[in-house]
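**Student:** Just dropping this structure here.
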Amino acid sequence: MTLQDIADRIQAGLNGSQFDGSLKFDCGDDGAIVLAENQASTTNQDTDCTIRLSQDNLVKLLTGKLNPMTGVVMGKLKVSGDMSVAMKLGKLLG
1 MTLQDIADRI QAGLNGSQFD GSLKFDCGDD GAIVLAENQA STTNQDTDCT
51 IRLSQDNLVK LLTGKLNPMT GVVMGKLKVS GDMSVAMKLG KLLG
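This is the structure:
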């Protein structure tokens with residue numbers, strides 16, 4: 001699954017939902033997915049909150065196979081910036 005495939009799936013999940021703020025999934029050398037203005041894209045830009053994780057762990061996070069809190073504790077993902085934006089994402093995906 002490519003980052004664009006993942007972005008497309010996130011976009012489908014955003015339809016009809018309101019996501020305030022901006023958030024980036026930073027997958028290092030694999031690229032990034034940015035959620036901003038109710039759009040999911042692979043165009044890298046500055047955001048309110050950044051979640052750094054591997055592409056594999058991103059897929060696990062979005063499919064419910066990786067609990068966000070467990071991921072942070074185990075060092076599988078790192079959150080920087082505005083934590084309230086990350087919490088909104090949890091409710092959206094919930």
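Note that the sequence shown covers residues 1 to 94 in the UniProt record's numbering. The beta carbon of each residue, even a glycine, is placed where N, CA and C say it ideally should be. Just so it is clear, the structure is predicted and the values come from calculations on it, not from any experiment.
(1) Leaving aside the five residues before and after proline 68 along the sequence, list all residues of the same chain whose C-beta is less than 8 Å from its C-beta, in chain order.
(2) Report the residue ranges of all alpha helix (DSSP H) runs contained in full by the UniProt domain "SCP2" (16-93); include only those spanning at least 4 residues, in chain order.
(3) So is glutamine 18 in contact with chain C if we call contact Cβ pairs under 8 Å?
(4) Evaluate threonine 47 with the Cβ neighbour count: other Cβ atoms within 10 Å of its Cβ, from every protein chain shown; 16 or more gives buried, anything less gives exposed.
(5) Can the beta-carbon of asparagine 38 be found closer than 8 Å to that of glutamine 18?
**Tutor:** In brief:
(1) The residue given as residue 68 occupies position 68 in the sequence shown. So the list reads Leu61, Leu77, Ala86, Gly90, once near-sequence residues are dropped.
(2) 55-62, 68-73, 83-93
(3) As a matter of chain content, chain C is missing from the structure shown, which is built from one protein chain.
(4) Translated into positions along the sequence shown, residue 47 becomes position 47. Buried, because 16 or more other Cβ atoms sit within 10 Å of the Cβ of threonine 47.
(5) The residue labelled residue 38 in the question sits at position 38 within the sequence shown. The residue labelled residue 18 in the question sits at position 18 within the sequence shown. A contact, by the Cβ cut-off of 8 Å.
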